[in-house]
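As structure tokens, the structure follows; a few thoughts come after it.
2 protein chains.
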Amino acid sequence: MDSILLLAPVGSIIALLFAWYLIKTVMKEPEGTPEMSKISLAVRTGASAYLRRQYTGVGLFFAVMFVILLILALMGYLTLFVPFAFITGGFFSGLSGFIGMKVATSANARTANACRQGLNKGLRIAFNSGAVMGLVVVGLGLLDISFWFYFLSWFYTNVQSVVDEAQKYQLITSAMLTFGMGASSMALFARVGGGIFTKAADVGADLVGKVEAGIPEDDPRNPAVIADNVGDNVGDVAGMGADLYESYVGSIISSSALAVAAGLGLKGIIVPMTMAAIGVLSSIIGTFFVRSGEEASQSVLLRALRKGTYGTSIIIAILSFFIVWYSLGMEHIGVYFAILCGLVAGNLIGLTTEYYTSDTYKPTKDLAGTATTGAATIIIGGLSLGMLSTAIPVLIVGVAIIFSYFVSGGAGNPSEGLYGIGISAVGMLSTLGITLATDAYGPIADNAGGIAEMAGLPEEVRQRTDALDSLGNTTAATGKGFAIGSAALTALALIAAYTDEIGNIAEKTGSIFVLDTSITNPIVLVGLFVGGMLPFVFSSFTMSAVGRAAQGIVMEVRRQFRDIKGLMEGTAEPDYATCVDICTKSAQKEMILPALVAILAPILVGVILGVNGVVGMLAGALVSGFVMAIMMSNAGGAWDNAKKHIEAGNLGGKGSDNHKAAVVGDTVGDPFKDTSGPSINILIKLLSMVSIVFASFVLNYSIFK
Amino acid sequence: MDSILLLAPVGSIIALLFAWYLIKTVMKEPEGTPEMSKISLAVRTGASAYLRRQYTGVGLFFAVMFVILLILALMGYLTLFVPFAFITGGFFSGLSGFIGMKVATSANARTANACRQGLNKGLRIAFNSGAVMGLVVVGLGLLDISFWFYFLSWFYTNVQSVVDEAQKYQLITSAMLTFGMGASSMALFARVGGGIFTKAADVGADLVGKVEAGIPEDDPRNPAVIADNVGDNVGDVAGMGADLYESYVGSIISSSALAVAAGLGLKGIIVPMTMAAIGVLSSIIGTFFVRSGEEASQSVLLRALRKGTYGTSIIIAILSFFIVWYSLGMEHIGVYFAILCGLVAGNLIGLTTEYYTSDTYKPTKDLAGTATTGAATIIIGGLSLGMLSTAIPVLIVGVAIIFSYFVSGGAGNPSEGLYGIGISAVGMLSTLGITLATDAYGPIADNAGGIAEMAGLPEEVRQRTDALDSLGNTTAATGKGFAIGSAALTALALIAAYTDEIGNIAEKTGSIFVLDTSITNPIVLVGLFVGGMLPFVFSSFTMSAVGRAAQGIVMEVRRQFRDIKGLMEGTAEPDYATCVDICTKSAQKEMILPALVAILAPILVGVILGVNGVVGMLAGALVSGFVMAIMMSNAGGAWDNAKKHIEAGNLGGKGSDNHKAAVVGDTVGDPFKDTSGPSINILIKLLSMVSIVFASFVLNYSIFK
């Protein structure tokens, strides 16, 4: 085996060591006043309690799935590694979310405290904690992949020797594909559960606290305020980490499988794995670019963050040329351009998101203006903005698909073209270490602001945390662009990997079926319809779950205001833990139905319509899910910033009728952008993953062949 | 030629004669007080002014398109009949909308006047006027089709003799396909323009009249009240008529083309054409079932209407058996079951729509309950309801597609299966004469209510018109089910016809291209993405158009309240005409952009991605458009009825905070259900029509082949 592949495990270990070093640096900082420590502890305790409960529930699911997969393996529908690979995928994904959350909840008070000294100090702590999340995700992802790759290579060389190289790598990559399902399942639970938790707490706290009781945001008298802060961590940190973990892993394993299908063998596998390693190392270098002078303005800070991400992109763009050259040679140098294409596309989608959702640009400013005729018009305006904002990302992804396909030789060999699409997803995600850092630091700053408010720190501290937070909103837009764009390309690569996989299985088992995925095949069309509908039904479930959970919080907060004497006067403490507990319980309960949809749909469609129907379903869900995810994220983001635009003193400012209308928009946008929208990214990949794992079963038992 | 085909022209003439008879009956009735005549005249004048202006603008468009098509024809890309067929399609579609609108605006005062005597009398007039619309649509549609069929048969027999029968019918049906584009373009303008007009007037009148000035709905002091009533006629009557005209025509001509592709020749063409004729005659019989005793309760009236539609369905179900038996013989009797399948599917989708949008069922009742926590939660609830409501219609259409395909012999000969899908759309639309009647009478009753209010008729008259109106909402739900379901099946048949058409053209011209519409072809996938995005962008345009147009009305109404002395006191008359004029102008201006999207997208995608990309785009738009249209229609309908549920005295009733929240929902729902949602139905068919007309051009000039 080529020794350059060692870059993968080595890179992953360096990432984890550097993350450990960053944790040490962050933990060295003081937490500030005893009051601040106490609040931070309450948030940490709540978040841990939530994750413990979530992992218990999810553990049960994994146990059941493990048994099902084991039975399928014993019946010969899967290799025996699959159930175990499924478990490790879920475990590492959960672990990266857990570590990210731990660090984030330890960093919040420290960031607030650092902001007492200055903006740059605060930025360093928040950003370093975010970087831990980024590095842990890529480090553990790469570790999991490396482990299985080396283990399976050893197994198929020494235990069950497969002489034919092509066949050996086919066996390896096809087993590895399945652990993506573990990561995807975990991601779904983390995103949906975390998304429900955070928005139920947020909406519930606002509806009673801000609207009914008339106390400010993050006021310690609000019984839901700790739950709200916990939500930021379990939703925006742990949830997002698990989400991108699975995108990252999915893009690498699907391109590896496509490499084998394209006949590139080990050389083709080397590219995604070493690309990922290079991305990790470049991201570490990139983190050093992120610094600025004390008391720098916001635009200077933004430039510092941008320097980090763009710097990383440039380093990757240079190094990956040598990787492609070394492993595939000059005749496949087109693959390098697919990587560049992914890198550029990710950044462009991010810029589009920023354009549509930031109040420095026309769309969101205009949206704020629609508040002058009331809540109905700002809702219509936001939906309309979200729908319009789908056009450019679709065109960018369209160009990326065609470009990566043809530049990688798809005209001569379609499999090589599909490999190129997979590789462009890897290229897009190679900067994940640093983009996730610039994304995950936002909720930390948000939490720090909450702590500053609750601990009664001077106004200037809150101003600094707000500056960091609002900066985080801008960089989060870029992060969302990467999450959505990479989800589309990865899902596409997974669909291609699925059709290959079916061919392999059919060949091995002698199953008779006709692969006809043309659109004029009515089975494919019905699959398309069902797939196109799934993101709508899924979003319906997640949105109404937030509504129901928020309702529970509203009841509890009203009860506490009524029953606890002296609460409003500040002489008695609210019972924070009960609100955290209610959110936890509802999130657990409410995430079951959407998860079932995602896991059962491919199996049911497969059993009824067969593999052609499944391909149709996957394509339908990919297309409508991609568009819906962008629409919901951008509409939500724009409503949020339109409200902030008014709060900044425009159009009558806080408390005006315009502001009230904008708050309605923001509340509708909350589940859009933080629950339903991002969950769709996972849905479209999980559908493919489940389809791949159950491919053999479906081939045997489907009604239509 | 088989003489049974004569049924088509004969049926169409009977329908038109019967419509003429109904017009006479309606016009014999008195208009009531001079005040009522005056108001009715104002509405009629406004509607005529709008249609005149619309037809002028659309005429210009048709003139330009005619020249373009003529040039293409002279260059050899189209036969010379196409430009003329395009014109007649548009002309007859516009004419049916015009007649329907004329009758509706003459019937409103007469219905109000009849309601002074009793509910049944009012129902008869409103229903008969609605029936005129239904019969004119099917009559003119069938006339147009018959004319071209007989003319082209004569031409290819006597002028340019084509000996080979199969080739002759291929020439005929392929020329006929193109006049669908005329009908579709007209429908798009009518739906989008009418939809913008009606909702701009509605929203504008409510925002100033109800909310700011605090005067009741339909108050004569509101300057936008006439525009609002005009809107009902140009949007819900003329717009819907043109919409269903093109669905009806589209389903017949696409099945005829598919009949030829399936090798069934004339026998296969006979089925859709005579089915349509039978539908016309059965619908006429069905109208006689619609009567009830004087002062019957609402449920008795509903049963009367249902008797009409179900009775018609049963007659068609029986007669169509003989048609299939006679023309195709027992070996193709499966086609009969495809017809039945279409009939049943249409009714089932209608029932689903009713379930999700009527406040007698749980979903809308629950939605009304979400108003208790404010506007944001009822918006989230409505969107969630709309999204969830897509599941069952998708499954119904899915089952209908597979069933019709296989029962018609698709397993042996795919072309026969696709023909079966087309025929099931014809089956679904065969009851159009009567379903459109039960649908179109709603806005007439709505207008009658407005006139009763403005003319100060006794309260009981208004109660009766309200009863008719609310009954109309229920039957409109069924009508919408047919519109959406048939649009999906027709669009599907058109896509199949498109792929056939390409084959024919390529064969004739010797163009070299590879038809590969498999989903793993990246060109197809990119087409899918672009298509999936189109309904979103299109809806964004139509929704924001309503917002902008409503804004214009708000300004004008505010101006009149300010400038016209004595208006609020009722001593001075408002200037109704200016509001009508503003709506007219904005509707004309705002319909250009969405129309351009629908017409240019297939040409651009075709030129860049080639025919495979076009097929992908059509499928993507079909799937995401179908789901979006259901989502928007049902969410809008549910918000509307949730508001009515509260107004009926539940949850605090009119004027309560809950009611205010529900009004926000209803206002968001207005463009959803009456502008954007229904327009998508046309979009997905127009895209196919344009693709078919430009197929030859695209085959020659596309970048990707």
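Top to bottom, those sequences are chains Y and H. Under the numbering used here, the first residue of the first sequence carries the number 2, and numbering increases by one thereafter. Under the numbering used here, the first residue of the second sequence carries the number 2, and numbering increases by one thereafter. Glycine included, C-beta positions come from ideal geometry on N, C-alpha and C.
Query raised in the report: Can you tell me whether Y/T313 is buried or exposed, with buried defined as 16 or more other CB within 10 angstroms of its CB?
Result: Counting Cβ neighbours within 10 Å, Y/T313 comes out buried, since at least 16 surround it.
Report task. Assuming H/P672 and Y/I381 form a contact by the criterion Cβ under 8 Å, report the distance between their Cβ atoms to the nearest whole angstrom. Result -> About 6 Å separates the two Cβ atoms, so the contact holds.
**Report entry** Rounded C-alpha distance that separates H/F156 from Y/V336
**Finding:** Cα to Cα, H/F156 sits roughly 57 Å from Y/V336.
Query raised in the report: If you drop the 5 nearest sequence neighbours on each side, which residues of the same chain put their C-beta closer than 8 Å to that of H/E502?
Result: In the same chain as H/E502, and ignoring 5 residues on each side of it, the C-beta atoms closer than 8 Å to its own belong to S175, L178, A258, I693 and A696, in chain order.
Report task. List the whole-angstrom C-beta distance separating Y/L143 from Y/G269, where the pair is believed to meet the contact cut-off of C-beta under 8 Å. Result -> Actually they do not touch by this definition, with Cβ atoms about 18 Å apart.
Query raised in the report: Does any CB atom of chain Y fall closer than 8 Å to the CB of H/S471?
Result: Not an interface residue.
Query raised in the report: Which stretch, first to last residue, makes up the alpha helix (DSSP H) that contains H/T34?
Result: First-last for H/T34: undefined, no H or E at that position.
Query - For Y/S692, the first and last residue of its enclosing alpha helix (DSSP H) - result: Unbroken alpha helix (DSSP H) run through Y/S692: G678 to V694.
**Report entry** Y/S519 in three-state terms, based on DSSP
**Finding:** Y/S519 falls in the strand class under three-state DSSP.
**Report entry** Nearest-angstrom Cα separation, counted from H/T275 out to H/L6
**Finding:** Each residue's Cα considered, the two are about 6 Å apart.
Query raised in the report: From what residue to what residue does the alpha helix (DSSP H) around Y/F514 run?
Result: Annotation for Y/F514: no alpha helix (DSSP H) segment contains it, and DSSP assigns it neither H nor E.
Query raised in the report: So, does the CB of Y/S625 fall closer than 8 Å to a CB anywhere in chain H?
Result: Yes, Y/S625 counts as interfacial toward chain H.
Query raised in the report: Relative to the alpha-carbon of Y/F198, which residue among Y/L700, Y/V558 and Y/A550 has its alpha-carbon at the smallest distance?
Result: The residue with the shortest Cα to Cα distance from Y/F198 is Y/A550.
Query raised in the report: If contact means a Cβ-Cβ distance below 7 Å, which residues of the segment 672-700 of chain H contact chain Y?
Result: Answer set for the segment 672-700 of chain H: P672.
Query raised in the report: Is the shortest distance between the beta-carbon of H/Y406 and the beta-carbons of chain Y less than 8 Å?
Result: Closer than 8 Å: yes.
Report task. State the start and end residues of the unbroken alpha helix (DSSP H) segment that holds H/G196. Result -> Where H/G196 is concerned, the enclosing alpha helix (DSSP H) stretches over E166 to A206.
Query raised in the report: Does DSSP classify Y/F705 as helix, strand or coil?
Result: Y/F705 sits in coil when the DSSP states are folded into three classes, being neither helix nor strand.
Requested in this report: Starting from the Cα of Y/G548, find the closest Cα among H/G383, H/L619, H/L430 and H/K586 and give me that residue.
Outcome: When each option's Cα is compared against that of Y/G548, the closest is H/G383.
Query - Contact with chain Y by H/L526, beta-carbon distance below 8 Å - result: So, interface residue.
**Report entry** Chain-order list of residues whose beta-carbon lies under 6 Å from that of H/I565 (same chain, five-residue window excluded)
**Finding:** Correct list, in chain order: A573.
Query - Neighbour list for H/M388 in chain Y, Cβ cutoff strictly below 8 Å - result: Within chain Y, the residues placing a beta-carbon under 8 Å from that of H/M388 are F537, V538, S540, S541 and M544, ordered along the chain.
Query - Inter-stretch contact at 8 Å, needing at least 3 Cβ pairs: the segment 105-125 of chain H / the segment 206-218 of chain H - result: Cβ pair count under 8 Å is below three, so no.
Requested in this report: Please confirm if Y/A488 has its CB atom under 8 Å from at least one CB of chain H.
Outcome: Not an interface residue.
Query raised in the report: Taking buried to mean at least 16 other C-beta atoms within 10 Å of its own C-beta, is Y/R53 buried or exposed?
Result: The C-beta of Y/R53 has fewer than 16 other C-beta atoms within 10 Å across all chains shown, which makes the residue exposed.
Query raised in the report: Does the beta-carbon of H/I279 have 16 or more other beta-carbons within 10 angstroms, so that it is buried, or is it exposed?
Result: Burial call: buried.
**Report entry** At least 3 beta-carbon pairs within less than 8 Å: the segment 411-429 of chain H vs the segment 491-509 of chain H
**Finding:** Yes: at least three Cβ pairs fall under 8 Å.
Report task. Give, in chain order, every residue of the segment 499-529 of chain Y whose Cβ lies closer than 9 Å to some Cβ of chain H. Result -> Within the segment 499-529 of chain Y, T500, L516, D517, T518, S519, I520, T521, N522, P523, I524, V525, L526, V527, G528 and L529 place their CB atoms closer than 9 Å to a CB of chain H, listed in sequence order.
Requested in this report: Pick helix, strand or coil for H/G215, following the three-state DSSP scheme.
Outcome: In the structure shown, H/G215 falls within a coil segment according to DSSP collapsed to helix, strand and coil.
Query raised in the report: Would a check of beta-carbon distances place H/A376 closer than 8 Å to chain Y?
Result: At least one chain Y Cβ lies under 8 Å of H/A376.
Query - 7 Å CB neighbourhood of Y/M102 in its chain, flanking five on each side removed - result: Excluding sequence neighbours, Y/M102 sits near A48, L52, N234, V235, V238 and A239.
Report task. Mind reading off the beta-carbon distance from Y/T1 to Y/T475? Whole number of angstroms is fine, and I expect it under 8 Å. Result -> This structure leaves residue 1 of chain Y out entirely; chain Y is present only between 2 and 706.
Query raised in the report: So, using beta-carbon positions, are H/L368 and H/A639 closer together than 8 Å?
Result: Yes, the pair counts as a contact, with Cβ atoms nearer than the cut-off.
Requested in this report: Would you kindly check if the distance between the Cβ of H/C580 and the Cβ of H/P217 is under 8 Å?
Outcome: Cβ distance not < 8 Å, so H/P217 and H/C580 don't count as in contact.
Report task. Quick one: list the residues of chain H neighbouring Y/S328, beta-carbon separation under 7 Å, in chain order. Result -> Taking a Cβ-Cβ threshold of 7 Å, none of the residues of chain H is close to Y/S328; the smallest such distance is about 24 Å.
Query - Cβ-based neighbour list, H/Y406, same chain, cut-off 6 Å, excluding 5 preceding and 5 following - result: Once the five neighbours on either side are set aside, the close Cβ partners of H/Y406 are G418, G421 and I422.
Query raised in the report: the segment 548-569 of chain H: which residues have C-beta closer than 9 Å to a C-beta of chain Y, in chain order?
Result: Hits within the stretch, in order: G548, A551, Q552 and V555.
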